[in-house]
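Respectively, the protein sequence lines represent chains U and Y. Its first residue numbered 1, the first sequence is counted upward by one per residue in the numbering used here. Its first residue numbered 137, the second sequence is counted upward by one per residue in the numbering used here. Yeah, the Cβ is synthetic: ideal placement off N, Cα and C, and Gly gets one too.
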Amino acid sequence: MRFLNIMGAIIVALCTLSVSPVYAGAVDTLQDEYRTAGAGPFSAAEGERQWKIKHKSAKDGKDRSCQTCHGSDLKAKGKHAKTGKVIDPLAPSVNKERLTDIKFINKWFKRNCKWTLGRTCTVQEKGDFLEYLRTQ
Amino acid sequence: MSTTEKSDQTILVWDVPTRIFHWSLVIGFAAAWLTSEDDRFLYHHVYAGYLFIGLLIFRLIWGMVGSHYARFRSFAHDWSSVTDYLKGLMTGQAQRYIGHNPAGGYAIFAILLLGVVVTISGLLVLGGEEGHGPLKNLISYDLGAASKEIHEPTASLMLLLVIAHLAGVIVESLYHKENLIWAMITGHKPLHADAEQVSLHSLVAVLMLGAIFGSAIYYFYGYFTQTEEQPFLAFKSEPLPDNETWRTECGDCHLAFHPVLLPARSWQRIMNEQEEHFDEDLGLDEETADEITRFLMGNASESGLNEVAHEITRDVSANETPLRITETSFWKNQHRKIDERYWESDVVGSEANCGACHRDAEQGWFEDSNMNLPKIYE
């Protein structure tokens with residue numbers, strides 16, 4: 001019996017270990033990072049509001065928002081504003097690869113915040129965006 | 137008047153292989169002309185060329201071992217008989233020849249000779265400039281480009297000879313009151329005192345037809361089995377150098393334009409200015425940017441990896457550093473005939489969307505034959 005108990009404990013521990021990083025995921029890791037930097041708590045509603053705000057570009061005077069390229073439906077494909085290249089859906093519910101790669105997320109925050117807002121995003125904004133996107 | 141005695145009886149003058157040769161050459165020549173202007177039909181044009189080569193080789197052999205009137209010696213008249221014949225036409229004393237008359241014989245030798253020059257120069261253009269065919273990798277791009285200056289005028293000269301040949305056929309047909317065109321179809325001519333009956337040579341004819349149709353099916357087979365997703369790429373080239381980082385990073389926002397499309401100095405400038413990349417800050421880390429820069433500069437247009445590379449290197453002058461492929465006069469010239477509506481259509485949308493029409497844009501090949509204007513809906 002004692003042997004079984006120990007084995008059981010080991011199995012449970014192994015399962016938890018192997019599952020937990022997946023469960024935590026890239027979003028949790030990043031949000032933890034943002035919290036350490038002083039941001040939080042994160043709100044999906046706030047993320048959604050920011051996502052849809054139109055920013056007037058200093059470069060061409062046109063309105064830019066996340067939706068310019070990603071479209072109004074996150075479950076559908078988007079289109080690059082300039083080149084017309086098709087962008088895969090952003091919603092994790094239809095595109096499992098989304099929000100799984102930290103390096104990838106960082107790259108696009110860096111590039112797209114600059115294009116859309118004309119500046120880098122704050123850690124609070126990024127945390128809210130991720131909170132909003134993960135619910136999609 | 138002529139010495140012909142009209143008779144209802146006919147004899148076979150042109151064997152079947154000679155007639156197949158003649159009419160296939162007519163079709164091949166017409167096809168080559170019709171496909172010579174529009175580069176999209178280069179693949180078809182080249183088939184017409186291969187057909188031509190095959191036919192010429194056949195004819196050179198058949199001129200020595202074929203039936204009586206097909207043999208070269210039967211129409212290799214000396215030059216004085218040509219002048220006699222032409223004078224005879226003027227005075228109404230021209231002799232009737234069962235095979236080719238002396239003037240016609242010379243026209244045929246000239247057409248065959250020009251055919252050899254046209255096909256050999258064509259193979260040089262194909263191998264040197266396009267990087268295809270049996271001579272690819274064997275001759276330089278410049279030699280290929282120079283051969284075009286032989287290929288095109290020779291083809292025009294050949295057209296003149298064909299017209300002369302046709303005029304001759306019409307004159308002789310009227311003069312001797314016999315339909316020579318029909319004779320080249322049926323092979324028969326009215327019986328003539330010293331005429332020699334030839335045999336049909338059907339077996340050779342069957343082999344010829346088999347070779348012509350077999351090669352055509354083999355050559356064009358891909359067009360019949362292609363699908364929307366996997367269009368047939370005529371002229372498959374060797375894969376160009378590739379790099380995963382380049383393809384992923386550049387392919388994020390647009391087609392990963394192959395390095396051959398711009399000179400090295402352009403790529404260097406583009407990568408140096410990556411924080412101002414057409415209104416976007418690429419924000420690539422140093423390691424990634426370095427790898428991409430190395431790949432771009434190492435395989436830039438100066439590498440001469442394919443025809444586009446050569447054309448762009450030649451086109452962009454040394455004091456220019458274009459940032460867009462569409463800035464080069466080569467690009468502009470190549471696209472001058474494209475209707476404005478294509479660029480504005482949903483399918484194309486942008487001049488940067490090469491792949492909308494160039495089905496091999498991702499490979500960086502940009503073969504003329506792989507162009508296809510999509511259907512645009514308004």
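- Interface criterion met: the Cβ of Arg-111(U) is under 7 Å from a Cβ in chain Y.
- Just measuring C-alpha positions, the residue of Cys-121(U), Arg-35(U), Leu-117(U), Gly-78(U) sitting nearest Ala-91(U) is Gly-78(U).
- Residue contact check for Glu-365(Y) against chain U: no CB pair falls below 7 Å.
- Per DSSP, reduced to three states, the secondary structure at Lys-325(Y) is strand.
- The stretch 248-258 of chain Y and the stretch 272-281 of chain Y do not touch, with fewer than three beta-carbon pairs separated by less than 8 Å.
- Given a length threshold of 4 residues, each whole run of the alpha helix (DSSP H) inside the stretch 48-99 of chain U is given here in chain order: 66-70.
- When Pro-395(Y), Gly-190(Y), Asn-379(Y) are compared, the shortest CA-CA separation from Ser-437(Y) is found for Pro-395(Y).
- The beta-bridge partner set that DSSP reports for Leu-148(Y) consists of His-324(Y).
- Approximately 34 Å separates the beta-carbon atoms of Gly-263(Y) and Val-152(Y); this is outside 8 Å, ruling out the contact.
- For the pair His-301(Y) and Asp-330(Y), the Cα-to-Cα distance works out to about 25 Å.
- Legend: CB atoms of the stretch 63-94 of chain U lying less than 8 Å from CB atoms of chain Y belong to residues His-80, Lys-82, Thr-83, Gly-84, Lys-85.
- For Thr-219(Y), the uninterrupted alpha helix (DSSP H) run begins and ends at 215-227, by DSSP.
- Taking C-beta separations shorter than 8 Å and ignoring five residues to either side along the sequence, the partners of Gly-440(Y) in its chain run Tyr-277, His-446, Thr-449, following chain order.
- With its beta carbon at least 7 Å from every one in chain Y, Trp-51(U) lies outside the interface.
- In this structure, the beta-carbon distance from Trp-115(U) to Glu-416(Y) falls below 7 Å.
- Think of a sphere of 7 Å around the beta carbon of Glu-416(Y): the chain U residues whose beta carbon falls inside it are Arg-111, Trp-115, in chain order.
- Counting other Cβ atoms within 10 Å of its Cβ, Gly-118(U) stays below 16 and is therefore classed as exposed.
- The Cβ neighbour count for Phe-177(Y), taken over all protein chains shown within 10 Å, is at least 16; the residue is labelled buried.
- DSSP assignment within the stretch 281-365 of chain Y yields the following whole alpha helix (DSSP H) runs of 4 residues or more, N-terminal first: 316-322, 338-361.
- When secondary structure is reduced to three states using DSSP, His-180(Y) falls in the helix class.
- Closer than 8 Å at the C-beta level to chain U, one finds these residues of the stretch 389-410 of chain Y: Cys-389, His-390, Leu-391.
- Ranked by Cα distance from Phe-466(Y), the options Phe-188(Y), Tyr-478(Y), Ser-453(Y) are led by Ser-453(Y).
- Look at Gly-419(Y): its C-beta is under 7 Å from a C-beta on chain U.
- Between the C-alpha atoms of Val-94(U) and Trp-501(Y) there is a straight-line separation of about 35 Å.
- Around the beta carbon of Asp-426(Y), fewer than 16 other beta carbons sit within 10 angstroms, so the residue counts as exposed.
- Taking the Cα of Arg-232(Y) as reference, the smallest distance to any Cα among Glu-314(Y), Thr-462(Y), Phe-431(Y) is reached at Glu-314(Y).
- Here His-394(Y) carries a coil assignment [DSSP, helix/strand/coil].
- Under the three-pair Cβ rule at 8 Å, the stretch 379-392 of chain Y counts as touching the stretch 74-88 of chain U.
- Per DSSP, the unbroken alpha helix (DSSP H) holding Lys-110(U) starts and ends at 102-117.
- Separation of Tyr-478(Y) and Pro-399(Y) (C-alpha to C-alpha, rounded to the nearest whole angstrom) is 28 Å.
- Bounds of any alpha helix (DSSP H) do not take in Leu-509(Y), whose DSSP letter is neither H nor E.
- At a cut-off of 7 Å between beta carbons, Gly-491(Y) makes no contact with chain U.
- Only buried fits Ser-283(Y), as 16 or more other CB atoms lie within 10 angstroms of its CB.
- Thr-462(Y) is a Cβ neighbour of Glu-487(Y), given a cutoff of 7 Å.
- At a cut-off of 7 Å between beta carbons, Lys-59(U) contacts chain Y.
- Secondary structure note for Thr-381(Y): its alpha helix (DSSP H) is the uninterrupted segment 380-387.
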